[in-house]
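Per our numbering, the sequence shown starts with residue 4, numbered consecutively.
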Amino acid sequence: MTITIKTVSTSPFEGQKPGTSGLRKKVKVFTETNYTENFVQCILDANGASLAGSTLVVGGDGRYFCKEACELIISICAANQVSRLLVGQNGILSTPAVSSLIRRNKTLGGIVLTASHNPGGPDNDFGIKFNCENGGPAPDQFTNKIYELSTKISQYRIVEGLEIDISKIGVNKFDVGGKEYTVEVIDSVADYVLLMKEIFDFDKLKDFVSGKSRGGNPLKMRIDSLNGVTGPYVNEIFLNCLSATKESVVHTTPLPDFGGLHPDPNLTYAKDLVDAVRAGDYAIGAAFDGDGDRNMIIGHKAFFVTPSDSLAVIGHYLECIPYFQKNGVTGLARSMPTASAVDLVAKSLGKEIFEVPTGWKYFGNLMDAGRLCLCGEESFGTGSNHIREKDGIWAVLAWLSIMQHTGKSIEDICVEHWRKYGRNYFTRYDYEECDLAPCNDMMSTLEKTITDPGFVGKEFSAGGKKYTVKLGDNFSYNDPIDKSVSSKQGLRITFTDGSRVVMRLSGTGSSGATVRLYIDSYEKDNVLGQASDMLKPLIDIALEISKLPTFTGRNAPTVIT
């Protein structure tokens with residue numbers, strides 16, 4: 004077999020600017036001539052001199068175009084002096100698994116093929132992101148470099164004549180320009196399962212799930228992979244390792260279009276799971292997104308655990324997990340829009356609490372510095388310092404560990420937590436495809452209102468509730484590790500009782516803008532109320548202060564989470 008390196012002339016594409024989680028576009032965009040090749044070449048070039056002789060991890064969530072993109076990356080890496088690739092079988096690797104492989108093998112990084120919770124299929128979305136040597140998403144400095152290169156690219160390098168079957172596990176060696184190039188197709192699941200066994204007590208969990216420690220009654224679970232990447236991991240962990248019944252897992256075959264399911268684990272898109280758990284006698288239900296980093300937890304009769312509460316409860320019980328017994332508990336953290344329930348846990352434990360901008364990469368510096376061990380986002384992401392990504396399956400195993408440790412149901416665990424700490428009732432309102440100009444005016448006007456010195460101390464009343472302003476600002480984050488500053492991350496109003504209103508604006512272009520309104524209403528004593536009732540006074544106040552209906556012309560949100 005003759006392998007030749009070919010240099011292909013190309014020209015830049017507009018808009019190849021990676022976001023918080025890489026570059027996401029429609030499949031039809033990625034399959035345009037040279038589009039994917041350009042972006043991959045820019046990722047490699049952004050690594051500079053460290054690329055030559057390096058090892059990279061490659062894999063993705065199995066969505067449409069994943070396998071083809073994986074094979075393309077193999078050929079481009081060969082032409083760019085990469086020495087070794089670790090490639091998931093059939094191009095399959097969950098995002099948490101990629102992070103683990105990078106860290107365990109001390110590679111330069113990894114190329115992850117995913118659009119996360121976005122729909123899949125030929126008419127839907129695809130994505131590519133780069134994770135750095137710590138296993139986490141590339142920081143702004145790196146992604147800005149990728150973008151700069153993408154605006155100037157004039158050629159990319161690729162090999163011809165390299166043939167490899169990525170459906171077969173094994174080591175493939177090639178001579179490329181007189182240098183050995185190794186492509187190791189690996190079991191997509193094995194490394195991640197090993198990591199989970201290092202973190203959790205699988206013997207205890209197996210006795211709990213199989214029923215051995217429960218009088219012979221297997222735990223009734225419904226774990227839904229939504230035909231995303233987690234299917235093979237779920238089968239191995241829950242069926243083979245923990246001896247759950249076969250009926251405990253559903254939709255475990257990764258499909259290019261996710262079988263028509265929307266791979267976003269929330270009450271709207273995982274409705275089949277919610278309905279099944281509500282109608283059945285299940286102790287726990289869980290769902291994951293397309294690439295396996297997000298999770299939703301529900302209890303008996305579909306008792307919903309908000310991501311903010313999930314983070315706080317796990318934080319309270321960390322020391323029942325062997326990993327934290329061994330390594331200790333350091334700081335806790337959340338994204339700024341996430342309800343501040345975990346702050347109360349950190350205070351009780353005497354640990355640092357960090358509030359960072361939206362985006363998992365902001366947690367990485369704190370973890371690498373040894374100051375953070377647990378973090379989460381309101382958008383259904385939870386994780387710890389075992390990797391540098393959020394991790395859906397890890398979160399479910401953490402909840403099973405807490406259930407086993409306490410002997411209590413999910414609802415009882417949450418109620419007990421609220422009675423100890425109080426309850427942060429939380430919701431997010433999304434107003435999608437709004438006209439951009441009035442939204443910008445709204446944000447500008449609101450910022451002036453809440454940053455006026457006279458705003459602090461003002462009182463607002465609605466529905467018999469009274470709130471006094473403690474703080475109003477446009478959130479800015481000063482990274483305590485690298486001293487970088489991330490400004491204008493969202494408008495934030497904090498009240499003296501700990502309740503908060505947050506508003507952020509995202510999205511531009513022909514589809515307009517999305518306004519996100521977050522309501523975090525704290526109650527010390529009334530912890531068993533209906534969330535919709537308890538949140539209404541603060542929602543009314545938020546709409547009054549922001550004048551959102553006036554600026555957007557909307558009387559109701561598009562989506563409520």
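We put the CB at the ideal spot given by N, CA and C, even for glycine.
Please read these numbers as outputs of a predicted model, since none were measured by experiment.
Nearest-angstrom beta carbon gap, residue j and residue i [assumed within contact, 8 Å]
i              : j                 : result
alanine 289    : asparagine 298    : 6 Å
isoleucine 324 : phenylalanine 203 : 6 Å
cysteine 73    : glycine 62        : 7 Å
aspartate 523  : arginine 503      : 4 Å
glycine 615    : aspartate 260     : Not covered by the structure: residue 615. The range shown for the chain is 4 to 564.
valine 237     : isoleucine 226    : 6 Å
tryptophan 397 : proline 99        : 7 Å
leucine 538    : tyrosine 470      : At roughly 12 Å, the Cβ-Cβ gap does not stay under 8 Å, so leucine 538 and tyrosine 470 are not in contact.
Reduced DSSP secondary structure (H/G/I, E/B, other) of residue i
i                 : result
proline 235       : helix
isoleucine 8      : strand
glycine 91        : strand
asparagine 443    : helix
glycine 262       : helix
phenylalanine 306 : coil
glycine 395       : helix
methionine 224    : strand
leucine 546       : helix
lysine 176        : strand
serine 119        : coil
valine 277        : helix
glutamine 533     : coil
glutamine 158     : strand
phenylalanine 129 : strand
tyrosine 285      : coil
proline 99        : helix
valine 418        : helix
leucine 520       : strand
tyrosine 150      : helix
serine 338        : strand
methionine 184    : A small correction: the amino acid at residue 184 is tyrosine; methionine does not occupy that position in the sequence shown. Tyrosine 184: strand per DSSP, three-state reduction.
isoleucine 105    : helix
isoleucine 390    : coil
isoleucine 167    : coil
proline 142       : coil
leucine 508       : strand
cysteine 437      : strand
glutamate 526     : strand
Inter-residue Cα distance where the pair is residue i and residue j
i                : j              : result
glycine 293      : threonine 185  : 29 Å
arginine 106     : threonine 58   : 12 Å
cysteine 442     : arginine 431   : 17 Å
leucine 494      : valine 472     : 14 Å
valine 30        : histidine 319  : 42 Å
valine 348       : histidine 389  : 20 Å
threonine 511    : serine 489     : Legend: pLDDT at threonine 511 = 34, less than 50; position of this residue unreliable, value from coordinates given subsequently. Approximately 20 Å, taken between the alpha carbons.
glutamate 40     : glutamate 136  : 22 Å
aspartate 576    : leucine 152    : The question about residue 576 has no answer, for the chain in this structure spans 4 to 564.
lysine 468       : aspartate 394  : 38 Å
glycine 353      : lysine 423     : 16 Å
phenylalanine 42 : leucine 116    : 12 Å
asparagine 477   : arginine 519   : 14 Å
valine 459       : alanine 559    : 28 Å
isoleucine 287   : isoleucine 301 : 6 Å
tryptophan 421   : valine 188     : 47 Å
glycine 22       : glycine 410    : 42 Å
tyrosine 272     : aspartate 126  : 19 Å
Residue burial classification, residue i (beta-carbon count within 10 angstroms, cutoff 16)
i              : result
proline 266    : buried
alanine 247    : buried
lysine 364     : buried
isoleucine 95  : buried
proline 456    : exposed
glutamate 2    : Outside the displayed range of the chain (4 to 564) lies residue 2, so it cannot be described from this structure.
serine 228     : buried
threonine 309  : buried
alanine 52     : exposed
leucine 54     : buried
isoleucine 161 : buried
valine 359     : buried
asparagine 220 : exposed
leucine 1      : This structure cannot speak to residue 1, because the chain is shown only from 4 to 564.
**Asked** Taking the runs of the beta strand (DSSP E) that are 3 residues or longer, which of them lie wholly in the segment 458-501?
**Response** 462-465, 468-477, 494-498
**Entirely enclosed beta strand (DSSP E) segments - the segment 11-68, minimum 3 residues** = 26-29, 58-63
**Asked** Curious, which full-length alpha helix (DSSP H) runs of at least 4 residues does the segment 308-335 contain?
**Response** 310-319, 325-330
**Prompt:** What runs of the alpha helix (DSSP H), each 4 residues or longer, lie entirely inside the segment 357-384?
**Reply:** 364-371
**Request:** Would you mind listing the alpha helix (DSSP H) stretches within the segment 188-222 that are 4+ residues and don't spill past its ends, in chain order?
**Result:** 193-202, 205-213
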